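Report on the structure given below.
Numbering (the working numbering), first residue to last: -7 to 134.
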């Protein structure tokens, strides 16, 4: 996919997950394996793998500096992103269920059916919550 196709796809789909991928990065391959498992479970979300070397302008525009990077779009607007594995355990052995739960927090996929997962024990809060918590801590420190 080229940059124009990526932009058009993310704009026209109601829900879209774009995985910025580099074939030489092992962690990108790990993330891709989990996303390939999730895609058939979530028909209402478009899953796209983009090779970063093919979309340099988009990588710059979205300020992608760490891979893997998964950007979640809802109605053409970037709503959330996962950078590396830090929000899903920061370990290469994270589960597909943990990734599914984390992506569901952003609304880009439906919540997993399994009730066995706990947010507190399996993943960190979404980036927006982390930012809010940091802001509260900074305001409290003033």
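The beta-carbon is built from N, C-alpha and C at its ideal position, and this holds for glycine as well. The structure presented is a predicted model; accordingly, all values stated were derived computationally and were not measured.
The residues 10, 40, 42, 47, 50, in chain order, have a CB closer than 8 angstroms to that of residue -2 in the same chain once the five nearest residues on each side in sequence are set aside.
Counting C-beta pairs closer than 8 angstroms gives fewer than three between the stretch 28 to 35 and the stretch 51 to 62, which falls short of the contact rule. In this model, residue 23 and residue 89 are separated by some 12 angstroms (Cα to Cα). Remark: C-beta atoms of residue 100 and residue 7 approach each other more closely than 8 angstroms.
Residue environment analysis places residue 72 among the buried positions, since at least 16 neighbouring C-beta atoms fall within 10 angstroms of its C-beta.
Cβ contact annotation for residue 84 (same chain, cutoff 6 angstroms, sequence separation greater than five): 22, in chain order. With a threshold of 16 other beta carbon atoms within 10 Å, residue 94 meets it and is buried. In the three-state scheme derived from DSSP, where H, G and I count as helix and E and B as strand, residue 11 is classed as strand. Counting along the chain, residue 40 sits inside the beta strand (DSSP E) bounded by residues 38 to 43.
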